[in-house]
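Residue numbering for the sequence shown follows our numbering, starting at -5 and increasing by one per position. Virtual Cβ for every residue (Gly too), placed ideally from N, Cα, C. Following: one structure in structure tokens, then a few remarks.
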Amino acid sequence: MTRATTLFTLLLVGGLALPAAAPAGAPPHEMAVPMHQPAVAFELAGDSVAVPITMHDGHIGVRVMVNGAGPFPFLFDTGAHGSVMDLAFAQEQGFDLGQQVMVGSPGGAGRPGNLVTIDRLELGGLTLKGLTSVAFDGLPFPPGAHPPSGVLGPY
-5 MTRATTLFTL
5 LLVGGLALPA
15 AAPAGAPPHE
25 MAVPMHQPAV
35 AFELAGDSVA
45 VPITMHDGHI
55 GVRVMVNGAG
65 PFPFLFDTGA
75 HGSVMDLAFA
85 QEQGFDLGQQ
95 VMVGSPGGAG
105 RPGNLVTIDR
115 LELGGLTLKG
125 LTSVAFDGLP
135 FPPGAHPPSG
145 VLGPY
């Protein structure tokens, strides 16, 4: 296992919390309060695991299995403060859309989304259980043959 893969695995297992978010319609001062996320359980296929990655226009691409389906293209963003997925993808996969929240974005203004829980996300030899994500309409990526279905963040 390479040093980069080891770091990647540690980042994934080390956190995966939600971005700073607040219920939709909350006053702006509540936007900076990080949401509490239940602990994410994880399993490793062995003493060490390899997570295959690809590079797409400077972004780290990974293929993930979501609740036994897939693989689906996701990006791993080392600067993201949580995990998000495209709303259409969440609906196609049959996720229950939970509480509506506002999620901060690199573009400035917050975006509305819905909390979803991924029961099982598999990435190489790493399995995450009970991962909370936010589903919102229109991930900010250019269209292509296989646009990412979501973004995984380490925090």
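Counted as a single uninterrupted DSSP element, the beta strand (DSSP E) harbouring Phe70 occupies residues 63 to 70.
In terms of CA proximity to Pro46, Gly118 leads the group Leu122, Pro106, Gly118. Taken in chain order, the complete beta strand (DSSP E) segments of 3 residues or longer contained in the stretch 77 to 115 are 78 to 80, 94 to 99.
Secondary structure at His50: strand, using DSSP grouped into helix, strand and coil. In this structure the stretch 85 to 97 does not touch the stretch 32 to 45; the number of beta carbon pairs closer than 8 Å is below three. Beta-bridge pairing by DSSP links Val56 to Phe68. Judged by DSSP secondary structure, Gly147 falls outside any beta strand (DSSP E); it is assigned neither H nor E. Sequence-distant partners of Asn108 (beyond 5 residues in either direction) whose C-beta falls short of 8 Å from its own C-beta, in its chain, are Leu81, Ala84, Leu91, Gly92, Gln93, Gln94, Val95, Val128, Ala129, Phe130. Nearest to Lys123 by alpha-carbon distance, out of Ala74, Gly144, Gly62, His140, is Gly62. Comparing alpha-carbon positions, the option among Thr121, Ile112, Leu146, Thr126 lying closest to Leu133 turns out to be Leu146.
By the CB criterion at 7 Å, Thr111 and Thr126 fall inside the cutoff.
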